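Engineer: Before we start, here is the structure in question, set down as C-alpha cells.
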Amino acid sequence: MILKAIPALPMEPNVTSALLPTYARIDLAFEKGEGAWLEASGGKRFLDFGGGIAVASLGYNHPALVKALVEQGQKIWHTSNLFRIPEGEKLAQRLVDNSFADFVFFTNSGAEAMECAIKMARKYQYACGKPERFHIITFEGAFHGRTLSTIAAGGNKKYLEGFGPAVQGFDQVPINDLDAVKAAIGPQTAAILIEPIQGEGGIRVFEPAFLRALRELCDEHGLLLMFDEVQTGVGRTGRLFAYELSGVAPDIMSIAKGIGGGFPLGACLATAEAAKGMVYGTHGTTFGGNPLAMAVGNAVLDVVLSDGFLDHVARTGLLLKQRLAELRDRHPRVIAEVRGEGLMQGLRISEKVLNTDFAAALRDQGVLLIPAGDNVVRMLPPLIIGEAEVAEAVKRIEAACVATEKALDAPAKVQ
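Each residue of the sequence shown is one higher than the last, beginning at 1 in our numbering.
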C-alpha cells in the first residue's frame, strides 16, 4: 500500500491564466537566482538540485553566460540560415573536435534534435538503397520529447493517448534485454535509439557491456546506433558526453539542455557516413543556430572544457553519491536505492511513499528535486556546485526524510 506521506504544496487550479493548462504548476514563482540558489517571490531561497531539469548547467547568473548574451545581443540577434553564421561554425567545430562526430545541426530544443536524428537515420538507409528500413528500436521507460514522432519513440501510453494513430516505425523492447533487441531486428530496422542513462525513466543506467553489445549488433546488421544525450550530455556525468563512460561511440547523437545553460539550444551530431543522406533541402530550421544561441553555447563550452572542470564534476558527483548512500543507510524506510553517474543522481523512494510527496517534503526544506519514473526523485544540479552545496543539500534531504518518517508513523486518520 502506498501512503501519502507529505501533502503537496497547494496548486492554484482556479487562478485565471491565459496559459494552456498542460501543467499542474506548483504554487512557486522564482524572481532571481545566483549560482545554485533560486529566490522565490516573497524572498524564500531554494537550493536548486533540479537545475531546471538539467538545463542550468552553470547555475544562475553565471558571469560568462551573461556577458556572452549581452555582447551578442548588442550586435545581432538573428540572421537566416541562408547566410553564414560564424559563431555557429565555431561551435560546431568545437563539438566535432571533442566528440565522435563530423557534422552538427543546431536546433532550439532536445525534441527538435531528436526529430533531426530520426529523420537522419531513415534518410541514411534510403541513401543506401534500402528505403524499407525506417523502423527504430527503442526501450521501455525512454523519453525522447513531446513531438508526434518522439512520443511514439518513447512509447508512453499516457503521452500517446488522444493524438490519433501513433507515428509508425518504432519498435519498443524491455531495457537490458539483449535477446529482445535481437528478436526485434528485422528487414525494416534502420537503427537503435537509447539514452545511456534514462532521465525521465528514473535515472536508470545502462551498463557499458550492454551498450557495447548494441554497437556490435548495429555493425553486424548495417544499423545506426543513436544516443539521446539531451540530459546526459555536456558534462553532466563527469565526461563531456556520457557515451565516453562506456567507450561506445554512436553514429548519431542528440544534445540540448546543458549546452545552452538556460538558453534554448539543441544539436544533432553525426558521423559523415550517418549524415550522407542529409543533403541540400532535406532539413531546416528558422531559429536553430541563431547568433544569440551560438554565443551562449560557445560560452558554456569555454567553461565546461576549461582545465579541471570535468574532473571537478566527477569528484563532486562521487562525493554526492557517497553522501546519498549514507542517507539511504540511515533512512531505509524512505530511500530504497541510490543510482546515477556524476551529477545525474536519483533516489528511488520506498514503495510506501510517493516520489511526488517526497519532492514536496524537500521543497518544504528549501531544496528542489525533480520526480521521475520508477518512483524516483532525480538530482540534476548545476555543474558548478562543490562540497558546500552537497553538504547543504544532504542536510535538507535528511530533514525531509525525518519529516516523512514522522508522517509514516502518525496514526491514520479515521475517514
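Every residue gets a Cβ at the ideal spot worked out from N, C-alpha and C, and that includes glycine.
Predicted model, so just to flag it, every value in this text is computed and none were measured.
Take the Cβ of residue 11 as the centre, count every other Cβ of all protein chains shown within 10 Å, and call the residue buried at 16 or more, exposed below.
Structural biologist: Position 11 of the sequence shown, counted from the first residue, corresponds to residue 11. Residue placement at residue 11 cannot be trusted, given a pLDDT of 44 that sits under 50; the coordinates are not used to answer.
Engineer: With a threshold of 8 Å on Cβ separation, who are the neighbours of residue 395 within its own chain once the five nearest residues in sequence on each side are excluded?
Structural biologist: On the sequence shown, residue 395 is found 395 positions in, with the first residue counted as 1. Excluding positions up to five away in sequence, the list is empty.
Engineer: Over what stretch of residues does the beta strand (DSSP E) that includes residue 135 continue unbroken?
Structural biologist: Working through the sequence shown from its first residue, we reach residue 135 at position 135. Run containing residue 135: 135-139, per the beta strand (DSSP E) assignment.
Engineer: Bridge partners of residue 39, per DSSP?
Structural biologist: Here the question's residue 39 lines up with position 39 in the sequence shown. For residue 39, which the question treats as bridged, DSSP gives the partners 32, 45.
Engineer: Rounded to the nearest angstrom, what separates residue 45 and residue 33 at their Cα positions?
Structural biologist: Within the sequence shown, the letter at position 45 stands for residue 45. Within the sequence shown, the letter at position 33 stands for residue 33. Using only the alpha carbons, I get a separation of about 9 Å.
Engineer: So who's on the other strand from residue 269, going by DSSP bridges?
Structural biologist: Within the sequence shown, the letter at position 269 stands for residue 269. In DSSP, residue 269 forms a bridge with 104, 253.
Engineer: Do residue 317 and residue 238 come within 8 Å of each other at the CB atom, strictly closer than that value?
Structural biologist: Residue 238 sits at position 238 when you count from the first residue of the sequence shown. Residue 317 sits at position 317 when you count from the first residue of the sequence shown. Yes, these two residues count as a Cβ contact at 8 Å.
Engineer: Expressed to the nearest angstrom, what Euclidean distance is found between the alpha-carbon atoms of residue 39 and residue 100?
Structural biologist: By 1-based counting over the sequence shown, the position of residue 39 is 39. By 1-based counting over the sequence shown, the position of residue 100 is 100. Their Cα atoms are separated by approximately 40 Å.
Engineer: Is residue 418 buried or exposed, if buried means 16 or more other CB atoms sit within 10 Å of its CB?
Structural biologist: The structure shown has nothing for residue 418, since the chain only spans 1 to 415.
Engineer: Report, in whole angstroms, the separation of the C-beta atoms of residue 353 and residue 397, which I expect to be a contact under 8 Å.
Structural biologist: For this step, residue 353 is matched to residue 353 along the sequence shown. For this step, residue 397 is matched to residue 397 along the sequence shown. Going by Cβ atoms, the distance from residue 353 to residue 397 rounds to 13 Å, so no, they are not a contact pair.
Engineer: Give the DSSP-derived three-state secondary structure of residue 343 in the structure shown.
Structural biologist: Stepping through the sequence shown from its first residue, residue 343 is reached at position 343. DSSP places residue 343 in coil when its eight states are reduced to three.
Engineer: What's the C-alpha gap between residue 375 and residue 80?
Structural biologist: For this step, residue 375 is matched to residue 375 along the sequence shown. For this step, residue 80 is matched to residue 80 along the sequence shown. Distance between the alpha carbons of residue 375 and residue 80 is about 44 Å.
Engineer: Tell me, please, whether the region 250-264 touches the region 102-109 by the rule of three or more beta-carbon pairs shorter than 8 Å.
Structural biologist: yes
Engineer: With distances taken from CA atoms, which of 122, 98, 195, 165 is nearest residue 145?
Structural biologist: Position 145 of the sequence shown, counted from the start, is the residue given in the question as residue 145. That would be 195, whose Cα lies nearest to the Cα of residue 145.
Engineer: Looking only at C-alpha atoms, which of 56, 233, 274 sits nearest to residue 120?
Structural biologist: Taking the first residue of the sequence shown as position 1, residue 120 is located at position 120. It is 274 whose Cα lies nearest to the Cα of residue 120.
Engineer: With 16 other CB atoms within 10 Å as the buried threshold, where does residue 280 fall?
Structural biologist: As a position in the sequence shown, residue 280 is number 280, starting the count at 1. By the Cβ-count criterion, residue 280 is exposed, with fewer than 16 other Cβ atoms from all chains shown falling within 10 Å of its own Cβ.
Engineer: In this structure, what does DSSP give as the bridge partners for residue 159?
Structural biologist: Indexing the sequence shown from 1 puts residue 159 at position 159. According to DSSP, residue 159 bridges with nothing at all.
Engineer: Any idea what DSSP makes of residue 96, helix, strand or coil?
Structural biologist: Along the sequence shown, one-based indexing puts residue 96 at 96. Residue 96 falls in the helix class under three-state DSSP.
Engineer: Buried or exposed, going by whether 16 or more other CB atoms sit within 10 Å of the CB of residue 369?
Structural biologist: Position 369 of the sequence shown, counted from the start, is the residue given in the question as residue 369. That one is buried.
Engineer: Using a Cβ-Cβ cut-off of 7 Å (strictly less than) and excluding sequence neighbours within five positions of residue 124, which residues of its own chain qualify?
Structural biologist: The sequence position of residue 124 within the sequence shown is 124, counting from 1. The residues are 224, 274, 276, 277.
Engineer: Please return the same chain residues whose Cβ sits closer than 7 Å to the Cβ of residue 175, not counting the five positions on each side in sequence.
Structural biologist: Reading the sequence shown from its first residue, position 175 is the one you call residue 175. In the same chain as residue 175, and ignoring 5 residues on each side of it, the C-beta atoms closer than 7 Å to its own belong to 139, 140, 141, 204, in chain order.
Engineer: Under 8 Å, with one C-beta from each stretch per pair, do the region 228-236 and the region 19-30 reach the 3-pair mark?
Structural biologist: Not touching, per the Cβ criterion.
Engineer: Could you pull the DSSP bridge partners for residue 371 from this structure?
Structural biologist: For the purposes of this step, residue 371 is identified with residue 371 of the sequence shown, where counting begins at 1. 377.
Engineer: Do you know offhand how far residue 188's Cα is from residue 129's?
Structural biologist: Within the sequence shown, residue 188 is the residue found at index 188, counting from 1. Within the sequence shown, residue 129 is the residue found at index 129, counting from 1. Approximately 13 Å, taken between the alpha carbons.
Engineer: Where DSSP assigns a beta bridge to residue 172, which residues make up the other side?
Structural biologist: For this step, residue 172 is matched to residue 172 along the sequence shown. Here residue 172 is bridged, per DSSP, to 138.
Engineer: Return yes when the Cβ of residue 112 is within less than 8 Å of the Cβ of residue 298, no when it is not.
Structural biologist: Numbered from 1 along the sequence shown, position 298 holds the residue referred to as residue 298. Numbered from 1 along the sequence shown, position 112 holds the residue referred to as residue 112. Not closer than 8 Å, so no.
Engineer: Name the DSSP beta bridge partners of residue 227, please?
Structural biologist: Reading the sequence shown from its first residue, position 227 is the one you call residue 227. Answer is 194, 253, bridged to residue 227.
Engineer: Shortest alpha-carbon distance to residue 311 belongs to which of 289, 383, 207?
Structural biologist: On the sequence shown, residue 311 is found 311 positions in, with the first residue counted as 1. Looking at the Cα atoms, 383 is the closest of the given residues.
Engineer: For a test of the three-state rule: what should DSSP assign to residue 304, helix, strand or coil?
Structural biologist: Mapped onto the sequence shown, residue 304 falls at position 304. Of the three classes helix, strand and coil, the one that applies to residue 304 here is helix, per DSSP.
Engineer: Quick check on DSSP: helix, strand or coil for residue 55?
Structural biologist: In the sequence shown, residue 55 corresponds to position 55, counting from 1. Here residue 55 sits in coil by DSSP.
Engineer: For residue 287, collect the residues of the same chain with a Cβ closer than 6 Å to its Cβ; drop the 5 residues on either side in sequence, then sort them by chain order.
Structural biologist: Counting from 1 along the sequence shown, the entry for residue 287 is found at position 287. These residues qualify, in order along the chain: 108.
Engineer: Between the Cα of residue 219 and the Cα atoms of 391, 170, 249, 347, which residue gives the shortest distance?
Structural biologist: The count along the sequence shown starts at 1 and reaches residue 219 at position 219. Here the closest residue by C-alpha is 249.
Engineer: If we ignore side chains and look at the alpha-carbon of each, how far apart do residue 67 and residue 95 end up?
Structural biologist: If you number the sequence shown from 1, residue 67 lands on position 67. If you number the sequence shown from 1, residue 95 lands on position 95. Cα-Cα distance, rounded: 21 Å.
Engineer: With which residues is residue 205 paired in a DSSP beta bridge?
Structural biologist: Taking the first residue of the sequence shown as 1, we reach residue 205 at position 205. For residue 205, which the question treats as bridged, DSSP gives the partners 197.
Engineer: For a test of the three-state rule: what should DSSP assign to residue 60, helix, strand or coil?
Structural biologist: Working through the sequence shown from its first residue, we reach residue 60 at position 60. Three-state DSSP puts residue 60 in a strand.
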